[in-house]
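Chains as they are written, first to last, in this note's numbering: chain A, 3 to 390; chain B, 34 to 162.
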Amino acid sequence: MSSVRVAGVGLTPFGEHPNRTTRDLFAEAGVAAMADAGVDAEVIDAVYFGNFVGELADAQGHQGPIAAECLGVDAPATRFESACASSGVAVRHAVRAIESGDADVVVVGGAERMTHAGTDAATGMLATAADALYEVSAGMTFPGAYALMTDAYFDAYGGSRRDLAHVAVKNHEHALENEHAQFQFSVSVDDVLDAPTVASPLGLLDACPVTDGASALVLVSETVAREADVTAPVEVTGSGQGTDKIALQDRESLSRTPATETAATEAYEAAGITPADVDVVEVHDCFTSAEVFALEALGLFEAGEAITAARDGTTRRDGDLPVNLSGGLKAKGHPVGATGASQLVEMTRLLRGDHPNSEYVADATTGITHSAGGTVASTTVHVLEECT
Amino acid sequence: MSPDQDQRRGHDAFLDAVDADDAFYVECSNGHGSLPPRRACPHCGDQQLAERSLPGTGRVQAHTVVHVPTEEFAGRAPYVTAIADFGPVTLTGLVVDSRAEDVENGMTVAVDTDETPEGDTPALVFVPR
Chain A
3 MSSVRVAGVG LTPFGEHPNR TTRDLFAEAG VAAMADAGVD AEVIDAVYFG NFVGELADAQ
63 GHQGPIAAEC LGVDAPATRF ESACASSGVA VRHAVRAIES GDADVVVVGG AERMTHAGTD
123 AATGMLATAA DALYEVSAGM TFPGAYALMT DAYFDAYGGS RRDLAHVAVK NHEHALENEH
183 AQFQFSVSVD DVLDAPTVAS PLGLLDACPV TDGASALVLV SETVAREADV TAPVEVTGSG
243 QGTDKIALQD RESLSRTPAT ETAATEAYEA AGITPADVDV VEVHDCFTSA EVFALEALGL
303 FEAGEAITAA RDGTTRRDGD LPVNLSGGLK AKGHPVGATG ASQLVEMTRL LRGDHPNSEY
363 VADATTGITH SAGGTVASTT VHVLEECT
Chain B
34 MSPDQDQRRG HDAFLDAVDA DDAFYVECSN GHGSLPPRRA CPHCGDQQLA ERSLPGTGRV
94 QAHTVVHVPT EEFAGRAPYV TAIADFGPVT LTGLVVDSRA EDVENGMTVA VDTDETPEGD
154 TPALVFVPR
């Protein structure tokens with residue numbers, strides 16, 4: 003089985019780009035990743051592209067061919083849609099294509115464009131990640147779904163809005179120096195607690211923003227890295243995917259996210275690591291509470307223990323286990339189809355030392371990324387390690 | 034309607050049954066409950082399915098007051114969406130006939146249907162009991 007190296011990465015600025023097309027956003031990220039890798043279009047074997055709501059936001063389906071042609075690539079191209087985990091799943095399949103020997107050089111990433119639609123329409127688009135028959139029809143929004151999970155978590159384990167506010171404060175602080183982040187400003191605990199309620203107990207500053215943007219990586223086989231003399235100091239050593247029932251009402255528990263546990267178990271086994279080996283983490287914090295759910299399901303904290311991790315400093319950039327040094331979805335932004343791959347972009351830069359926050363993880367060798375679609379019904383976990 | 038057709042009945046039929054005070058759920062031969070349409074149990078894959086009467090009341094497991102709604106529910110906000118445990122199955126509904134601040138986890142509710150503000154799709158609602 004071939005190992006998988008990250009040869010290059012690229013991101014657009016995350017934020018509001020209402021006048022740019024999705025294909026232009028992905029072209030910017032993809033061309034940047036190819037330049038970072040030092041590879042030309044003709045060596046690329048496949049393009050894997052994540053996008054969530056192209057049909058609703060841009061009246062554009064069938065985006066695989068667009069993703070290839072906007073990069074000047076003539077190779078098989080496929081779009082992946084798994085809600086907020088769309089490009090996490092795309093990465094998962096790119097990794098497997100290289101591991102299996104089917105491909106040597108793959109461009110993988112994603113793009114999303116939503117801000118032009120306005121808040122009401124964006125809320126409706128995001129709600130399509132929930133169950134249309136049994137959840138959206140009962141007034142469930144996406145923040146509402148995570149609010150229900152948060153309410154159940156507080157009932158099961160305790161915790162408070164103030165605990166969650168510290169997650170927002172931390173992730174905004176981490177994004178201050180990230181040139182790609184949508185929110186490069188600080189917020190206080192009081193700012194978060196005083197923000198308008200979106201769906202109780204979650205307020206506006208517990209939620210990630212609506213974002214336009216794109217991400218891309220060039221993944222290569224070890225053979226190509228060696229023979230073509232491509233500099234690729236980070237390896238994807240583990241990949242896992244999990245699925246749960248789409249509707250919260252069909253889950254065993256409202257406060258646990260077993261699809262993350264499934265993906266993590268598979269990824270850790272493939273990499274030959276345990277949670278104790280993890281030095282740095284990027285998780286899917288679409289809401290402050292989502293970071294808490296993820297850290298517990300990834301085995302990094304016991305059930306009920308991650309709620310205080312930001313407040314006590316453990317997950318801050320100067321803590322024992324830095325989480326979301328990019329700023330997370332919360333502050334970096336969440337261009338839905340681009341998010342999963344963007345986490346690997348950020349982690350690669352953190353490990354190879356050219357991220358604005360790399361100094362906080364100078365000794366780190368092992369990082370994990372966690373992508374979650376819907377209310378954690380679709381998940382991927384990837385393990386990235388610095389090559390020795 | 035034959036038993037085979039019964040078990041395949043869809044979401045609309047489920048809402049019609051709720052509206053007629055004859056709510057049902059789908060049970061597999063291993064005793065797992067689910068909601069239609071089903072041809073296989075989502076919990077164990079069993080394809081021996083039968084309709085059973087939904088218990089008359091359930092208990093709220095979790096709830097939220099939604100202040101920023103989808104466009105379809107804009108006329109209702111703020112409103113309470115809750116998940117309630119009815120024993121063999123769990124349902125998601127809008128809580129009606131109660132002030133938002135009076136809704137609590139553990140409270141007893143019954144199911145009904147209600148027209149959405151748009152009027153095109155009935156919504157499943159929970160009525161405090």
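Positions of the beta carbon are idealized from the N, C-alpha and C atoms, including for glycine.
**Study point:** Runs of alpha helix (DSSP H) wholly within the stretch 321-366 of chain A (minimum 4 residues, chain order)
**Key:** If only complete runs of 4 or more residues are kept, the stretch 321-366 of chain A shows the alpha helix (DSSP H) at 330-334 and 338-354, in order along the chain.
Practice item. Would you mind sorting residue 137 of chain A into buried or exposed? The rule is 16 or more other CB atoms within 10 Å of its CB. Key: Buried: at least 16 other Cβ atoms inside 10 Å.
Exercise for review: Using a Cβ cut-off of 7 Å (strictly closer), state whether residue 104 of chain B contacts chain A.
Suggested key: Interface residue, yes.
Practice item. Would you list, in sequence order, the uninterrupted alpha helix (DSSP H) runs of no fewer than 4 residues that lie entirely inside the stretch 109-157 of chain A? Key: Correct list: 121-129.
Review point. Which residues in chain A sit within 9 Å of residue 50 of chain B, going by Cβ to Cβ distance?
Key: Neighbours of residue 50 of chain B on chain A: none; closest Cβ ~14 Å, over 9 Å.
Point to revise | Residue-level contact to chain B via CB, residue 126 of chain A, 7 Å cutoff | key: At a cut-off of 7 Å, the C-beta of residue 126 of chain A has a neighbouring C-beta in chain B.
Check your understanding: Alpha carbon to alpha carbon, how far is residue 50 of chain A from residue 111 of chain A?
Key -> Whole-angstrom Cα-Cα distance: 7 Å.
Review point. In chain B, what lies closer than 8 Å to residue 338 of chain A by C-beta?
Key: Correct list: empty, because the minimum Cβ distance to chain B is about 16 Å.
**Study point:** residue 35 of chain B versus residue 262 of chain A: straight-line alpha-carbon distance, rounded
**Key:** In this prediction, residue 35 of chain B has a pLDDT of 49, which is less than 50 and means its spatial position is unreliable; what the coordinates show is noted afterwards. Residue 35 of chain B and residue 262 of chain A: Cα-Cα distance of roughly 41 Å.
Point to revise | Within 7 Å, strictly: CB atoms of residue 32 of chain A and residue 218 of chain A | key: In this structure, residue 32 of chain A lies near residue 218 of chain A, with their beta-carbon atoms less than 7 Å apart.
Exercise for review: Give a yes or no on whether the minimum CB-CB distance between residue 95 of chain B and chain A is below 7 Å.
Suggested key: At least one chain A Cβ lies under 7 Å of residue 95 of chain B.
Exercise for review: Classify residue 167 of chain A as buried or exposed, calling it buried when 16 or more other Cβ atoms lie within 10 Å of its own Cβ.
Suggested key: Buried.
Practice item. Can you pull the chain B residues whose beta carbon is under 7 Å from the beta carbon of residue 142 of chain A, in chain order? Key: The contacting residues are 114 and 125.
Review point. Ordered along the chain, which non-local residues of its own chain (more than five positions away) have a Cβ less than 8 Å from that of residue 70 of chain B?
Key: Excluding residues within five positions, the ones whose Cβ falls inside 8 Å are 41, 42, 43 and 44.
**Study point:** Chain-order list of residues whose beta-carbon lies under 6 Å from that of residue 136 of chain B (same chain, five-residue window excluded)
**Key:** Result list for residue 136 of chain B: 96, 113 and 128, in chain order.
Review point. In chain order, what residues of the same chain lie with their CB nearer than 6 Å to the CB of residue 55 of chain A, ignoring the 5 residues before and after it?
Key: Setting aside the 5 residues that flank it on each side, residue 55 of chain A is surrounded in the same chain by 127, each with a C-beta closer than 6 Å to its C-beta; the list follows chain order.
Check your understanding: Is residue 342 of chain A closer than 7 Å to residue 373 of chain A when the C-beta atoms are compared?
Key -> Yes, these two residues count as a Cβ contact at 7 Å.
Review point. How would you label residue 38 of chain A, buried or exposed, when you count the other beta carbons within 10 angstroms and need 16 or more for buried?
Key: By the Cβ-count criterion, residue 38 of chain A is buried, with 16 or more other Cβ atoms from all chains shown falling within 10 Å of its own Cβ.
Practice item. Since I believe residue 243 of chain A is in contact with residue 81 of chain A (beta carbons under 8 Å), could you give me their beta-carbon distance rounded to a whole number of angstroms? Key: For a cut-off of 8 Å, the C-beta gap from residue 81 of chain A to residue 243 of chain A is around 17 Å, too long to register as a contact.
Review point. Can you round the beta-carbon distance between residue 331 of chain A and residue 384 of chain A to whole angstroms, since I take them to be within the 8 Å contact cut?
Key: In fact, because the Cβ distance is near 16 Å, the residues do not count as touching under 8 Å.
Check your understanding: Between residue 156 of chain B and residue 356 of chain A, what straight-line distance do the alpha-carbon atoms span, to the nearest angstrom?
Key -> Their Cα atoms are separated by approximately 52 Å.
Review point. Just reading off the alpha helix (DSSP H) that residue 264 of chain A is part of, what are its end residues?
Key: Counting along the chain, the unbroken alpha helix (DSSP H) around residue 264 of chain A starts and ends at 260-273.
**Study point:** Those residues which DSSP pairs with residue 245 of chain A across a bridge
**Key:** For residue 245 of chain A, which the question treats as bridged, DSSP gives the partners A:380.
Exercise for review: Please list the partners that residue 99 of chain B has in chain A, where partner means a Cβ-to-Cβ separation under 7 Å.
Suggested key: 141, 143, 146 and 201, listed in chain order.
Exercise for review: Determine the contact status of residue 197 of chain A and residue 185 of chain A, defining contact as a CB-CB distance below 7 Å.
Suggested key: Against a cut-off of 7 Å, the Cβ pair of residue 185 of chain A and residue 197 of chain A comes out as no contact.
Review point. Nearest to residue 89 of chain B by CA position, among B:99, B:73 and B:58, is which residue?
Key: Minimum Cα distance to residue 89 of chain B is reached at B:58.
Exercise for review: Tell me whether residue 1 of chain A is buried or exposed, calling it buried when 16 or more other Cβ atoms sit within 10 Å of its Cβ.
Suggested key: In the structure displayed, chain A extends from 3 to 390; residue 1 of chain A sits before or after that span and is not available.
Check your understanding: When the cut-off is 7 Å and only beta carbons count, does residue 40 of chain B lie next to chain A?
Key -> Low confidence applies here, because residue 40 of chain B scores a pLDDT of 48, under 50, leaving its location unreliable; read the following figure in that light. In terms of beta-carbon proximity, residue 40 of chain B stays away from the interface with chain A, with every pair separated by 7 Å or more.
Check your understanding: Using a C-beta to C-beta distance shorter than 7 Å, which residues of chain A count as neighbours of residue 154 of chain B?
Key -> Close to residue 154 of chain B, with beta-carbon spacing below 7 Å, are these residues of chain A in chain order: 139.
Exercise for review: May I have the straight-line CA-CA distance separating residue 68 of chain A from residue 3 of chain A, to the nearest angstrom?
Suggested key: The alpha-carbon atoms of residue 68 of chain A and residue 3 of chain A are separated by roughly 31 Å.
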